[in-house]
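Reading through the structure tokens given below for one structure.
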Amino acid sequence: EIPSPKHQLLARIMASELKELKQTMQEIVPPRQRIEIYDYKNSRQQDAVKLSDQEKRAIEYILSDAFKSKWHLTQNEYGEMVDEHGTPIFKTSTVDALRKALEYLS
5 EIPSPKHQLL ARIMASELKE LKQTMQEIVP PRQRIEIYDY KNSRQQDAVK LSDQEKRAIE
65 YILSDAFKSK WHLTQNEYGE MVDEHGTPIF KTSTVDALRK ALEYLS
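Those letters in the sequence shown? Residues 5 to 110, per the numbering used here, in order.
This is the structure:
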């Protein structure tokens, strides 16, 4: 119990405000509902960020053994894709970047 009438009134006011805010929160975020917030620098829609099926197939083909054998590409010790003359076709980390794009944008 709170002995002071002023403190009792303040406690009731605060309890009332708390109850009102809880009700407002229930209206904004219903129970067991998941809200996802995408904070991108530009305001593109989520679907625009994802790779299309055609883009996904194109990257998968570039990473495939069929593509490498067709163009006689091998990976050197630096991670570059080089042709039969040792000329870098895909610079260091390009293959890793393509794999990450497939993983995170598919």
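Beta carbons: idealized from backbone N, C-alpha and C, even for Gly.
In this text, all values refer to a predicted model and were calculated from it rather than measured experimentally.
Residue i to residue j span [Cα, whole Å]
| i | j | result |
| --- | --- | --- |
| Leu-77 | Tyr-108 | 25 Å |
| Ser-20 | Ile-41 | 31 Å |
Continuous alpha helix (DSSP H) stretch holding residue i: start and end
| i | result |
| --- | --- |
| Pro-92 | Looking at the DSSP string, Pro-92 is not in any alpha helix (DSSP H); the run it does join, the beta strand (DSSP E), is 92-94. |
| Ser-20 | 9-32 |
| Lys-72 | 69-74 |
| Glu-5 | Taken as a continuous stretch (DSSP letters only), Glu-5 belongs to no alpha helix (DSSP H), as it is neither H nor E. |
| Glu-107 | 98-109 |
Residue i classed as buried or exposed, judged by whether at least 16 other C-beta atoms fall within 10 angstroms
| i | result |
| --- | --- |
| Glu-117 | For the chain, the structure presents residues 5 to 110; residue 117 sits outside this window and is missing. |
One or two residues paired with residue i in a DSSP bridge
| i | result |
| --- | --- |
| Gln-79 | Met-85 |
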